[in-house]
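Okay, so here's the structure we're looking at.
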Amino acid sequence: MKLIGHRGARDEAPENTIAGFRHAISLGIFDFELDLRLSKDGQLVVIHDATVDRTTNGSGKVARLTAKEFSQLNAQFAHPLWDQPCSVPLLSDLLAACPEVNSVQLEMKADNRAEAYAVAEATHEFCQQYKGSATLILTSINRHCLTTLARLKSPQPRGLVAEYPFPSPVHTAKKLGCQYLCLDQALCSPARVKAATEAGLTVSVWTVNDLDVARKLAAISGVSSLITDRPSELMTLFKDAA
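Rendered as structure tokens:
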């Protein structure tokens, strides 16, 4: 069972930042999930929202800012107790700063079909040129991202991020050629996990921040990993089980 840092360690450090990833690594977390969007100049930026307003001291749409402008933002904004400013990183910079990382679920974000095609193509191109050792798993809730990767014959493992029970997450993931099924914890039933594993899918569950819920999910045969905002807390579960 893997414990995966959600956006680094979202509740413990500024999300989707190098500082947040370094914090999680210091705890012994080496598997992660992060979000990708395209900047105005076509760079893969590690950020969840379509705007920078919630997580930084800036404002405006991600798609209208350049990589240089992102480097000047302070993502410490949403974590006022964090004592060091930190910028919104490019994917390349984050991975270079965290060579210990074992695997990363790269969740591609898009607000329309054109953005979906563009971010999927850029992510595919990045993976083709990536020289690091981390396993890059390409995930999305957006089917157009996943169909684009299939069209490009991307060799990286792909995963469907599933938030709703219909249409069937297992059927949809297989139809889209995925190897991973990233389930909202509300969808994680023994029957669904069994169906997923029988279909050859690796099951990852998000976002799990409660210890009691984590224990129940970890006890379901076939659940491969839990994605959490609070690795410090959930690591106690794994230590107790060791």
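Counting from 1, position 160 in the sequence shown corresponds to residue 160 in UniProt numbering; the numbering is continuous, with no gaps.
Every residue, glycine too, gets a C-beta built ideally from N, C-alpha and C.
- L211 is not a Cβ neighbour of L183, given a cutoff of 8 Å.
- D35 is bridged by DSSP to E107.
- L138 sits in a strand when the DSSP states are folded into three classes.
- Per DSSP, V203 is one residue of the beta strand (DSSP E) stretching across T202 to W206.
- In the three-state DSSP reduction, I47 falls in the coil class, being neither helix nor strand.
- By DSSP's assignment, K61 forms a beta bridge with T51.
- Distance from the Cα of A50 is smallest, within the candidate group N102, R37 and F32, for R37.
- Straight across, the Cα-Cα distance linking I220 with S189 is about 8 Å.
- Within the same chain, Cβ atoms closer than 8 Å to the Cβ of A67 are found at S39, D41, Q43, V45 and L90, the five residues on either side in sequence being excluded.
- For H6, same chain residues with a beta-carbon under 7 Å away, outside a window of 5 residues either side, are E33, W206, T207, I227, T228 and D229 in chain order.
- Here S140 has E107, M108, L146 and V161 as same chain residues with Cβ atoms under 7 Å from its own Cβ, once five neighbours each way along the sequence are excluded.
- In the structure shown, the three-state DSSP call for Y180 is strand.
- Exclusion of the five residues before and after G60 leaves T51, V52 and D53 as the residues of its chain whose Cβ lies within less than 8 Å of its Cβ.
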